[in-house]
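Each number in my numbering comes from the position in the sequence shown (counting from 1) with 915 added on.
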Amino acid sequence: MTKRLPRRLVAGPLPSAHQNPMKPVYLDYNATTPLAPPALPAMLPYLRDHYGNPSSFHSRGARAKKGLEEAREVVAGHLRARPQEIVFTGGGSEAINLAIKGLLSTSQKPAHILSCVTEHKAVLETLNHLRKESQTLVTLLPVDAEGQIDLDQLRAEIRKETVLLAFMWANNETGVLHPIHKIGEIARGHKIPFFCDAVQAVGKIPIHLDTLPVDLMAFSAHKFYGPKGMGGLYVGRERFLPPLVHGGHQERGYRGGTENVAGAVGMAAALGWVKDQMGRNQASLKAMRDRLATEIRERISRVKIHAEKADRLVNTLNVSFLDLEGQSLLMAMDQEGICVSQGAACASGAIDPSPILLAMGLSPEEAKASVRISLGYMTRSQEIDFFLDVLPGIVKKIREG
Ligand code: PLP
């Protein structure tokens, strides 16, 4: 097989076969993303010059406050919400906790929450906590082999105690998209608040909150080329949620603590950038992902691609290389300078089979043989070439050995 070389290396010394000239080849964009080019320049003045506390009365405080509120307007604009509906948080998990715990604390008791087995741990662990602490009843809907829920089953599980529907938009491991509009309509029909974890959706699909029947929606900047530890919660119709963090009355009382102004400004810049990228480069992102799937199948035997028939994010490919341990594959890939990932790592450091893939009916062995490959707007086709060149050899070696 002839190795395709990146253009910039063709004139220079030729790398030996399978030498990675682009170290690292980063194919783990669902874990986190690099910063969007405009994000850092937008943030720097707020770290260096406009360092005032937005709550301070003087000019430096006012300058920081101006940056914060402009960022809120930009974020709201990109999501088609109103600025007063956006609460800045320290990331996606915090936004999720604020939404679910906040809503529950203002609900009737006994309370019942309807969610899904394939939700992110930030949701599932919050629900577990509520189950233990306040005897909240939780029903987790199952999924089919494609990772999809059954809307009739969802309707059937609604009870008079149901106070919240909590469903993610896009799954972090498989990319499967839940029918958020339809779920929202069911919620509205029953007058039940609807919370959506859109952490993997914002920056990957268009979000129009002005026409979306959701009440609360969490997002996280580092998943869309913004800074880490910065996120937000959309709170429709200014619903009251008691704060998780008590303190000053920042964020209109939803969250105490001096605001991360540079983070908010960076998030706003990143969101603008990624929206532009989506408009211009989403088709090529999908083409790269689809090429990966096709060539993996052509070059390697006994592979199983997950949720291929489902409505899915265009950047995500979850695939099991049967008869091997995905963890060995990840380690071998890492030695080649390729960053991909697998299901959640448990506290002991051992890799458990992904509960998401198990819920889709895979055997533990099949789930353990899985790898998540997630692409982004900085991914170059030469990286895909390199990945495809080295992968068959690595898989063969591990299977044989
Ligand atoms: N929800 C989903 C679907 C995610 O993928 C993640 C992060 O992996 C989170 C929530 C948590 O977001 P954060 O890392 O900003 O706390």
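A virtual CB, placed ideally from N, CA and C, is assigned to each residue, including glycine.
- Annotation for V1053: no alpha helix (DSSP H) segment contains it, though the beta strand (DSSP E) segment containing it runs 1052-1056.
- Here the alpha carbon of A946 sits roughly 7 Å from the alpha carbon of K1138.
- Bounds of the alpha helix (DSSP H) holding D1300 are 1296-1315.
- With contact defined as three or more Cβ pairs closer than 8 Å, the region 981-993 and the region 1234-1242 are not in contact.
- By the Cβ-count criterion, E1088 is buried, with 16 or more other Cβ atoms from all chains shown falling within 10 Å of its own Cβ.
- Here the distance from the Cβ of S1008 to the nearest heavy atom of ligand 1 is below 7 Å.
- Counted as a single uninterrupted DSSP element, the alpha helix (DSSP H) harbouring T1041 occupies residues 1036-1049.
- Residue nearest to G1187 within the set E985, E1251, P1307 is E985 (criterion: CA-CA distance).
- Contact annotation: M1248 and I1309 have beta-carbon atoms nearer than 8 Å.
- Ranking Y1292, N1196, Q1192, N1230 by CA distance to the CA of A1208 puts N1230 first.
- For Q1115, the Cβ falls inside the 7 Å cut-off from some heavy atom of ligand 1.
- P969 and G1171 have their C-alpha atoms some 13 Å from each other.
- Shown here for E1210: same chain residues with a beta carbon closer than 7 Å to its own, the five before and five after excluded, namely L1303 in chain order.
- Distance between S1020 and P1157, taken at the CA atoms: about 8 Å.
- For D1067, the enclosing alpha helix (DSSP H) starts and ends at 1066-1072.
- At a cut-off of 7 Å, the beta-carbon of N1233 does not count as near ligand 1: no heavy atom of the ligand is closer than that.
- Residue pairing of T1231 in beta bridges, as defined by DSSP: S1289.
- Beyond the five residues adjoining it in sequence on each side, L1029 comes within less than 6 Å, by CB distance, of T1054, E1072, T1077, L1080 in the same chain, given in chain order.
- Taking the CA atoms as reference points, G1141 sits about 13 Å from Q1115.
- The Cβ neighbour count for G1007, taken over all protein chains shown within 10 Å, is at least 16; the residue is labelled buried.
- For M1083, the distance from the CB to the nearest heavy atom of ligand 1 is below 7 Å.
- Closest option to G1241, judged by alpha-carbon separation, among V1038, L1306, Q1192: L1306.
- Q1068 and I1098 have their C-alpha atoms some 12 Å from each other.
- C-alpha of M1132 to C-alpha of I1266: approximately 30 Å in a straight line.
- Per the DSSP secondary-structure output, Y941 pairs in a beta bridge with C1254.
- Using a C-beta cut-off of 8 Å, the region 1175-1182 makes contact with the region 975-989, since at least three inter-stretch Cβ pairs fall below that distance.
- Annotation for L1052: P1025, A1026, H1027, I1028, R1046, E1076 place their beta carbon closer than 8 Å to its own, counting only its chain and skipping 5 residues before and after.
- In this structure E1000 touches E1153 by the C-beta definition: roughly 7 Å separates them, less than 8 Å.
- Rounded to whole angstroms, T948 and F1155 show a C-alpha spacing of 32 Å.
- No heavy atom of ligand 1 is found nearer than 7 Å to the CB of D943.
- Inclusion of I1288 and L1244 in the CB contact set at 8 Å is not warranted, their separation being larger than that value.
- At a threshold of 7 Å, S1135 counts as near ligand 1, since its beta carbon sits closer than that to one of the ligand's heavy atoms.
- Within 7 Å of the C-beta of A1037 there is at least one heavy atom belonging to ligand 1.
- In this chain, T1004 is not harboured by any alpha helix (DSSP H); it is covered by the beta strand (DSSP E) spanning 1001-1004.
- Contact check for A1282 against S1296 fails: the beta carbons are separated by 8 Å or more.
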